[in-house]
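J.: Input: one structure, supplied below.
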Amino acid sequence: MISLRDAKPRDIPAFYAMHADPESNRRGAFTPKKRPAFFLHWKKVLKNRLIVKKAIVADGEVAGYVVSFYRTGTGKPKRREIGYWVAREHWGEGLASWGLAELLKTHKTRPLYARVAKTNPASLAVALKCGFRKWKQGSYANEKGRTVEEHVLVLRK
Ligand SMILES: CC(C)(COP(=O)(O)OP(=O)(O)OC[C@H]1O[C@@H](n2cnc3c(N)ncnc32)[C@H](O)[C@@H]1OP(=O)(O)O)[C@@H](O)C(=O)NCCC(=O)NCCS
847 MISLRDAKPR DIPAFYAMHA DPESNRRGAF TPKKRPAFFL HWKKVLKNRL IVKKAIVADG
907 EVAGYVVSFY RTGTGKPKRR EIGYWVAREH WGEGLASWGL AELLKTHKTR PLYARVAKTN
967 PASLAVALKC GFRKWKQGSY ANEKGRTVEE HVLVLRK
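Convert by adding 846 to the 1-based position in the sequence shown; the result is the number in this note's numbering.
Structural data, given as structure tokens:
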């Protein structure tokens, strides 16, 4: 059985285990945070009422999350973006697609944006399945100074 519920402080260790997975970071072109920084980050996220954050629970275990947040610090007009992460042992079970679709039923802010590294075709498939459409190409320098090419997608309705 799968369900989506508000994320809670007790979910942070499970979120950290997913975040620490090297293959997840490779595909998403992410730089993993160290454990203390990750916990601090999520404690702030959980307190921030502008961030929608839901845990995906599969058979009673936290298997992933979906979030919607305003990107800050870019100097550009704020855009609301979504993000999702599923524990590697659950990849390919449809959890990210289900969780995002479920979130979009109640979270009605539009437009909504998604940014997906070009090295992450599974994530692109999830966003497209949930109605997002490619809007433009982007790139940014990650924490290691490497350029990451990405798709920027938008959901307008
Ligand atoms: C991306 C991620 C969220 C996908 O989660 P998931 O629960 O396995 O996704 P789903 O099972 O709902 O759907 C995956 C889709 O990608 C497709 N897919 C998987 N690998 C693929 C590949 N190499 N090329 C193209 N499509 C691929 C699957 O076929 C599936 O589509 P389908 O249902 O039409 O067949 C998961 O891999 C993850 O958490 N990765 C690490 C964090 C991350 O990258 N987050 C997204 C940041 S933008």
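All C-beta atoms, glycine included, are put in the ideal place defined by N, C-alpha and C.
Note that the coordinates shown come from a computational prediction; the quantities given were computed from them, not determined experimentally.
1. Drop a sphere of 10 angstroms on the beta-carbon of L896, count the other beta-carbons inside from all chains shown, and report buried for 16 or more, exposed for fewer.
2. My assumption, with CB atoms under 8 Å, is that R926 sits in contact with T955. Please give the rounded CB distance.
3. Measuring straight from C-alpha to C-alpha, what distance separates V908 and A947?
4. When the Cα of A883 is compared with those of V898, F861 and K854, which residue comes out closest?
5. For a cutoff of 8 Å on Cβ pairs, would you count A973 as touching chain B?
6. Can you tell me whether G940 sits near ligand 1, meaning its C-beta is under 7 Å from at least one heavy atom of the ligand?
7. Say yes only if the C-beta of A971 is nearer than 7 Å to one or more non-hydrogen atoms of ligand 1, and no if none qualify.
8. Distance check for S985 and V972, CA to CA, integer angstroms please.
9. State yes or no: is the C-beta of V912 within less than 8 Å of the C-beta of G945?
10. Based on Cα-Cα distance, which residue from G938, M847 and A933 lies nearest to A863?
11. Take D852 as the anchor and find which of R979, G910, K922 and V994 has the nearest alpha-carbon.
T.: Taking the structure as given:
1. Within the sequence shown, residue 896 is the residue found at index 50, counting from 1. Counting Cβ neighbours within 10 Å, L896 comes out exposed, since fewer than 16 surround it.
2. Position 80 of the sequence shown, counted from the first residue, corresponds to residue 926. Position 109 of the sequence shown, counted from the first residue, corresponds to residue 955. Between T955 and R926 the Cβ distance is about 5 Å, and since that is below 8 Å, they are a contact.
3. Numbered from 1 along the sequence shown, position 62 holds the residue referred to as residue 908. Numbered from 1 along the sequence shown, position 101 holds the residue referred to as residue 947. Using only the alpha carbons, I get a separation of about 18 Å.
4. Taking the first residue of the sequence shown as 1, we reach residue 883 at position 37. Checking every option, the nearest Cα to that of A883 belongs to F861.
5. The structure shown has no chain B; it contains just one protein chain.
6. Counted from its first residue, the sequence shown places residue 940 at position 94. Yes, the beta carbon of G940 sits closer than 7 Å to at least one heavy atom of ligand 1.
7. In the sequence shown, residue 971 corresponds to position 125, counting from 1. The answer is yes for A971.
8. In the sequence shown, the residue the question calls residue 972 occupies position 126. In the sequence shown, the residue the question calls residue 985 occupies position 139. About 20 Å.
9. Walking along the sequence shown from the start, residue 912 turns up at place 66. Walking along the sequence shown from the start, residue 945 turns up at place 99. Going by C-beta atoms, V912 is nearer than 8 Å to G945.
10. Residue 863 sits at position 17 when you count from the first residue of the sequence shown. The shortest C-alpha separation from A863 is found at A933.
11. Working through the sequence shown from its first residue, we reach residue 852 at position 6. Per the Cα distances, G910.
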